[in-house]
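What follows is one structure encoded as structure tokens, with my remarks underneath.
Numbering (full-length UniProt numbering), first residue to last: 1 to 258.
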């Protein structure tokens with residue numbers, strides 16, 4: 001499915017459907033393909049928005065979780081979105097968390113899946129090796145429970161990023177920023193209803209990370225999906241969409257009077 005990439009000033013983004021904005025933030029090696037099933041499903045119910053995060057466009061000083069958060073904040077303001085449902089995977093979840101803590105006023109709900117912010121195994125103990133296709137393929141496979149999810153197209157996308165010396169430097173800067181920017185006790189300040197969807201077989205942000213987010217974020221609910229790794233919206237899209245749709249629908253139901 002091809003989507004029109006729109007442009008507003010420096011922002012490039014996809015916007016499909018009508019209704020309350022559902023803003024999706026991708027991870028470090030993320031691409032539009034990560035959200036394809038989600039966009040297709042939810043554009044019939046919401047205005048689904050995917051901003052292209054400037055992972056490689058920011059100067060090195062601002063190539064950080066904080067720098068990406070500022071970009072997302074400016075984008076939401078430029079588009080004047082309100083009642084936003086903010087969803088982030090991996091590094092995108094981390095950016096979403098920092099955004100909600102700094103600018104809660106336009107955010108109606110938060111969804112995290114395989115989010116960093118408390119703990120993550122980065123690219124492992126070694127950073128991306130340039131020019132080693134086999135290494136990149138194995139690392140990409142580790143994102144998923146089923147290694148077949150790491151298609152040639154996906155591995156090629158990641159490999160292309162790691163062949164650029166500047167991009168590798170920026171990936172390392174972002175990964176280190178994510179590790180430094182541990183949110184821990186700040187999470188108790190989040191007031192928005194929060195959905196946590198975790199793969200039971202996630203090796204990057206293992207299940208205990210989901211449980212810890214659930215413990216620290218007051219108004220949160222946690223769902224685990226079996227046979228699923230670090231990117232549930234890609235690996236088990238039907239289950240992921242069902243959980244998310246139920247959560248979002250519940251927000252619009254009037255509270256039961258006791």
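Using N, Cα and C, we set each Cβ at its ideal position, and we do this for glycine too.
Please report how far the alpha carbon of residue i lies from the alpha carbon of residue j, in whole angstroms.
i	j	result
residue 10	residue 76	13 Å
residue 120	residue 181	12 Å
residue 123	residue 132	Unreliable positioning characterises residue 123 in this predicted model, as indicated by a pLDDT of 44, which lies under 50. A coordinate reading is not provided.
residue 164	residue 53	18 Å
residue 248	residue 213	19 Å
residue 236	residue 227	9 Å
residue 158	residue 111	25 Å
residue 81	residue 21	7 Å
residue 68	residue 87	14 Å
residue 8	residue 70	16 Å
residue 79	residue 16	14 Å
residue 233	residue 115	13 Å
residue 147	residue 118	26 Å
residue 145	residue 238	16 Å
residue 166	residue 137	21 Å
residue 13	residue 31	12 Å
residue 211	residue 222	7 Å
residue 108	residue 194	9 Å
residue 188	residue 209	15 Å
residue 55	residue 200	28 Å
Judging by CA-CA distance, which residue of the options is the nearest neighbour of residue i?
i	options	result
residue 185	97, 231, 168 and 169	97
residue 59	171, 246, 206 and 180	171
residue 50	36, 61 and 70	36
residue 178	7, 30, 90 and 4	90
residue 45	32, 69, 117 and 19	19
residue 155	210, 134 and 109	134
residue 251	169, 84 and 57	84
residue 63	236, 176 and 160	176
residue 152	188, 140, 73 and 162	140
residue 23	100, 57, 206 and 65	100
residue 220	203, 233 and 197	197
residue 203	92, 142 and 107	142
residue 104	56, 65 and 192	192
residue 231	33, 41 and 109	33
How is the beta strand (DSSP E) around residue i delimited, first residue to last?
i	result
residue 24	21-25
residue 107	107-113
Is residue i helix, strand or coil by DSSP?
i	result
residue 184	helix
residue 62	helix
residue 92	helix
residue 28	coil
residue 191	coil
residue 217	coil
residue 116	coil
residue 211	helix
residue 249	helix
residue 80	coil
residue 125	Confidence is the limiting factor: at residue 125 the pLDDT is only 45, short of 50, which leaves the residue's position unreliable, though a coordinate-based value still follows. Residue 125: coil per DSSP, three-state reduction.
residue 56	coil
residue 156	helix
residue 67	helix
residue 103	coil
residue 97	helix
residue 244	helix
residue 133	helix
residue 177	helix
Would you list the one or two residues that DSSP bridges to residue i?
i	result
residue 13	6 and 51
residue 224	198
residue 86	23 and 110
Does the Cβ of residue i lie closer than 7 Å to at least one heavy atom of the ligand FAD?
i	result
residue 190	This structure lacks the ligand FAD, and indeed carries no ligand of any kind.
Could you please give the first and the last residue of the uninterrupted alpha helix (DSSP H) stretch that includes residue i?
i	result
residue 149	Residue 149 -> no alpha helix (DSSP H), and no H or E assigned at all.
residue 262	Not covered by the structure: residue 262. The range shown for the chain is 1 to 258.
residue 46	Unbroken run through residue 46: none, as it is neither H nor E.
residue 205	Premise fails: residue 205 is in no alpha helix (DSSP H) and is neither H nor E.
residue 232	232-235
residue 18	Per DSSP, residue 18 belongs to no alpha helix (DSSP H) and is neither H nor E.
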